[in-house]
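Q: Take a look at this one; I'll ask things after.
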Ligand code: B12
Ligand code: SF4
Ligand code: SF4
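In my numbering, the protein residues as written are 1 to 388.
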């Protein structure tokens, strides 16, 4: 039974142990407790980066920094925040879901399957335990109301890597983060973890687009993870750098020694039986699918307005890159029926943004024979003659 006095002394460590055990039962392997004070550093950084244009139109926590950096606005009278990290590194399944005549498109590790659902479930189990004793408690994970890395850092879960991710001591960064904001006076862990990057700068040098513009600072306008989510035309300058990525980007973590050494080599887990795990999908299958099919299979990816246009735009870029660029997958046959069919369909699409990307893909694959001489849309006309 938890103590129930709002004005009483700090709750004991046994309470945190019980909450930790609840979280652990949901796969949340690292936990900590932070004070619920305003996250001033994050607030200042968000505003500074927004003013410098580094957010490239992103909303998320940037929309209302006053709110996203103040746990007290999430739960009135908030005193503490119970923070949890859930590992998302999974072993690659033995069998590929991409057929021989398909085009393999890479999905970032955090999206191979749904990791936020189980994380939220675990955090809500913690919140309900606190509520059962009369405390207020609300769970947040990847929500615009809370800057997850900053609160996890404050709770001592890890350090800010130069790649901007929170690296957990002895485990690397392949973790999703979330928290339970509460008015319960839980005992706080006051010591954030020290820096573990030292002189390393592999992520900065390894980023395919030079998006890490200073230690821990990402220019979203260059970051593939954001550009693949963002609506509209994909900047031509970065399309080759996309390679075979269709959603998300892991490059700055895949080159990170602590993450690879401690996470990838030691701790890749298995997904529970029956849970689909998709490290690669068939870009052609996505281009052939109806809107409903796209949303049913890949609707859990965060893409602007959950609009299947952006799934297809990304699939066309992967198709264009699939002729054998470094990191790109090779279609079984660029002149084959499925590739030709997809290009022909999207070159005639009524959406001019998709036509633009289809023109680019056809030109990249040397299928100029499929291109129209001109187009009613000025952007498509520009795409027909732009340097590749
Ligand atoms: C917006 C967002 C993005 C944007 C921008 C990311 C960015 N780095 O700015 C985009 C779409 C690009 C993105 C990409 C990814 N994201 Co994201 N994203 C978010 C979101 C919604 C908000 C982040 C935010 O508020 N940033 C504001 C800035 C100011 O905070 P910050 O980047 O953490 O910066 C801090 C440090 O710079 C630090 N700092 C200050 N001074 C200094 C100085 C030094 C030297 C250093 C090192 C640090 C440092 O203080 C800052 C403030 O706290 C969070 C979820 C959430 N609600 O918090 C997820 C989140 C950060 N993303 C997450 C993930 C998994 C990813 C990807 C790995 C997904 C992928 N594979 O594609 C990539 C990683 C890209 C990268 N290198 O950051 C996880 C991170 C988990 C972790 N272990 O860190 C989060 C926490 C989601 C979650 N709940 O699990 N993301
Ligand atoms: S996610 Fe990819 S593009 Fe973005 S900073 Fe990391 S390596 Fe660069
Ligand atoms: S690659 Fe090196 S510098 Fe970058 S986050 Fe990892 S340890 Fe830090």
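C-beta atoms are modelled at their ideal positions from N, C-alpha and C, and glycine is treated no differently.
Under 8 Å, Cβ to Cβ, is there at least one residue of chain C near residue 229?
A: Checking the listed chains, one finds no chain C in this structure; it contains a single protein chain.
Q: In three-state terms, what does DSSP make of residue 151?
A: Helix.
Q: Within 7 Å: the Cβ of residue 197 and any heavy atom of ligand 3?
A: Yes, the beta carbon of residue 197 sits closer than 7 Å to at least one heavy atom of ligand 3.
Q: For a test of your reading of the model: does the CB of residue 259 fall under 7 Å from any non-hydrogen atom of ligand 2? Yes or no.
A: Answer for residue 259: no, Cβ out of range of ligand 2.
Q: Can you determine whether any heavy atom of ligand 2 sits closer than 7 Å to the C-beta of residue 314, and answer yes or no?
A: False, no ligand heavy atom lies under 7 Å from that Cβ.
Q: Does ligand 3 have a heavy atom nearer than 7 Å to the CB of residue 256?
A: Yes, Cβ of residue 256 sits closer than 7 Å to a heavy atom of ligand 3.
Q: I need the boundaries of the beta strand (DSSP E) containing residue 135, first residue and last residue.
A: Here residue 135 belongs to no beta strand (DSSP E), and DSSP marks it neither H nor E.
Q: How would you label residue 6, buried or exposed, when you count the other beta carbons within 10 angstroms and need 16 or more for buried?
A: Note that residue 6 scores 41 on pLDDT, short of 50, meaning its location in the model is unreliable; the coordinates nonetheless yield the value given after this. The residue in question, residue 6, is exposed, as its Cβ has fewer than 16 Cβ neighbours within 10 Å.
Q: Would you list the one or two residues that DSSP bridges to residue 282?
A: Answer is 104.
Q: On a CA-only basis, which of 351, 336, 228 is nearest residue 107? Give me that one, please.
A: Among 351, 336, 228, the Cα nearest to that of residue 107 belongs to 228.
Q: Who pairs with residue 16 in a beta bridge, going by DSSP?
A: In DSSP, residue 16 forms no bridge with anything.
Q: Using a Cβ-Cβ cut-off of 6 Å (strictly less than) and excluding sequence neighbours within five positions of residue 180, which residues of its own chain qualify?
A: Excluding sequence neighbours, residue 180 sits near 82, 123, 126, 127, 137, 139.
Q: Beta strand (DSSP E) containing residue 80: first to last residue?
A: Element bounds for residue 80: 80 to 87.
Q: Just verifying my parser: in three-state terms, what is the DSSP assignment at residue 247?
A: The answer is strand: DSSP assigns residue 247 an E or B state.
Q: Grouping DSSP H, G and I as helix and E and B as strand, with all else coil, what is residue 22?
A: If DSSP states are grouped into helix, strand and coil, residue 22 belongs with the helices.
Q: Taking 7 Å as the cut-off, is the CB of residue 64 close to at least one heavy atom of ligand 1?
A: It does not: the Cβ of residue 64 is nowhere closer than 7 Å to a heavy atom of ligand 1.
Q: Report back the beta-carbon spacing between residue 311 and residue 339 to the nearest angstrom; my notes put them in contact at under 8 Å.
A: With 8 Å as the limit, residue 311 and residue 339 do not qualify as a contact, their Cβ atoms being about 18 Å apart.
Q: Given this structure, state the Cα-to-Cα distance separating residue 259 from residue 167, to the nearest angstrom.
A: Cα to Cα, residue 259 sits roughly 8 Å from residue 167.
Q: Using C-beta distances below 6 Å, list every residue in its chain close to residue 42, excluding the 5 sequence neighbours before and after it, in chain order.
A: 69, 147, 150, listed in sequence order.
Q: I'd like to confirm something about residue 321: is its beta-carbon nearer than 7 Å to some heavy atom of ligand 3, or not?
A: False, no ligand heavy atom lies under 7 Å from that Cβ.
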